[in-house]
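Just so you know, the protein sequences line up as chains A and B, in that order. Number 93 in my numbering belongs to position 93 of the first sequence; there are no gaps in the numbering. Position in the second sequence counted from 1, then plus 1000, gives you my numbering. Virtual Cβ for every residue (Gly too), placed ideally from N, Cα, C. Nothing here was measured: the structure is a model prediction, and the numbers come from that model.
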Amino acid sequence: GNSVTQMEGPVTLSEEAFLTINCTYTATGYPSLFWYVQYPGEGLQLLLKATKADDKGSNKGFEATYRKETTSFHLEKGSVQVSDSAVYFCALINNNNDMRFGAGTRLTVKP
Amino acid sequence: GAVVSQHPSRVICKSGTSVKIECRSLDFQATTMFWYRQFPKQSLMLMATSNEGSKATYEQGVEKDKFLINHASLTLSTLTVTSAHPEDSSFYICSAIQGLGYGYTFGSGTRLTVV
């Protein structure tokens, strides 16, 4: 079946550090891949997405590239800010519109 | 972009009472909506898939009679927690699909506290 595995947290970084949150997936066919962000006490917001191999999704300084050969969609940001502190979820959606989430990775950025 | 409105954002109720949570797609029609439950510091747990005009599909282990779902129109799904108990206290989130390839749009969540 379809599934998503992402790096376990929590992750604690200093401001302006480089961020990588690993995400790998298992799926039949050609899923679309997503990163969602959840700030404290809120629902999930779409951060970025990629719908086919080699696509790069980007938003707010975050990037992730759809790598079919390694079945990965790692999230990166060159310089994190305190305001980036949140929980990040990797997800995939396949032909049947069934979305699968990773377990979430909590990021804390310290000043 | 697509917006999903969820109401209320917070509710406190007494044990034994029922609570209704609404999920509305504001600028698109959603034949399918999803209800999730999230425990502190954990991922989302899919509770049920709400289908407009038909019965909801519940995930294994979710009590249908306790978590009543109604999806009477293309823009509104409701989750009613019946005879609530303190163990039902949680963060409930709904989502809807705008279309193929768009991913899900999430509501802002409802913090339910049963006292």
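- Residue contact with chain A for G1107 (chain B): present (Cβ-Cβ distance below 9 Å to some residue of chain A).
- Here G1109 (chain B) is buried: its Cβ has 16 or more other Cβ atoms, across all protein chains shown, within 10 Å.
- The shortest C-alpha to C-alpha distance from V11 (chain A) to any of A:L19, A:Y36, A:Y39 is the one to A:L19.
- Scanning chain B for C-beta atoms nearer than 9 Å to the C-beta of M99 (chain A) yields F1034, L1046, S1095, I1097, G1103, Y1104, reported in chain order.
- Boundaries cannot be given for M7 (chain A), as no beta strand (DSSP E) includes it and DSSP labels it neither H nor E.
- In this structure, the alpha-carbon of W35 (chain A) lies about 5 Å from that of C90 (chain A).
- In this structure the segment 1009-1025 of chain B does not touch the segment 1052-1063 of chain B; the number of beta carbon pairs closer than 8 Å is below three.
- Contact check for C1094 (chain B) against V1004 (chain B) passes: the beta carbons are separated by less than 9 Å.
- Of all residues in the segment 34-60 of chain A, the ones placed with a Cβ closer than 9 Å to any Cβ belonging to chain B are F34, Y36, Q38, G41, E42, G43, L44, Q45, L46, K49, T51, in chain order.
- The shortest C-alpha to C-alpha distance from A27 (chain A) to any of A:R106, A:V82, A:M99 is the one to A:M99.
- CA-to-CA, the gap between K52 (chain A) and V109 (chain A) works out to about 31 Å.
- Here L107 (chain A) is not near S79 (chain A), since their CB atoms are 9 Å or more apart.
- At a cut-off of 9 Å between beta carbons, G1 (chain A) makes no contact with chain B.
- DSSP lists B:I1021, B:I1069 as the bridge partner or partners of L1079 (chain B).
- For K1055 (chain B), there is no enclosing beta strand (DSSP E), as DSSP marks it with neither H nor E.
- Apart from the 5 residues on each side of it in sequence, T1049 (chain B) sits with its Cβ closer than 7 Å to the Cβ of T1032, F1034, A1056, T1057 in its chain, given in chain order.
- Taking the Cα of T105 (chain A) as reference, the smallest distance to any Cα among A:G1, A:N2, A:M7, A:S3 is reached at A:M7.
- Taking 9 Å as the upper bound on Cβ-Cβ separation, chain A lies near no residue of the segment 1052-1079 of chain B.
- Interface residue (Cβ-Cβ distance to chain A less than 9 Å): K1020 (chain B) is not classified as such.
- A residue is called buried once 16 or more other Cβ atoms fall within 10 Å of its Cβ, and P31 (chain A) is buried on that count.
- N1051 (chain B): member of the beta strand (DSSP E) spanning 1044-1051, first to last residue.
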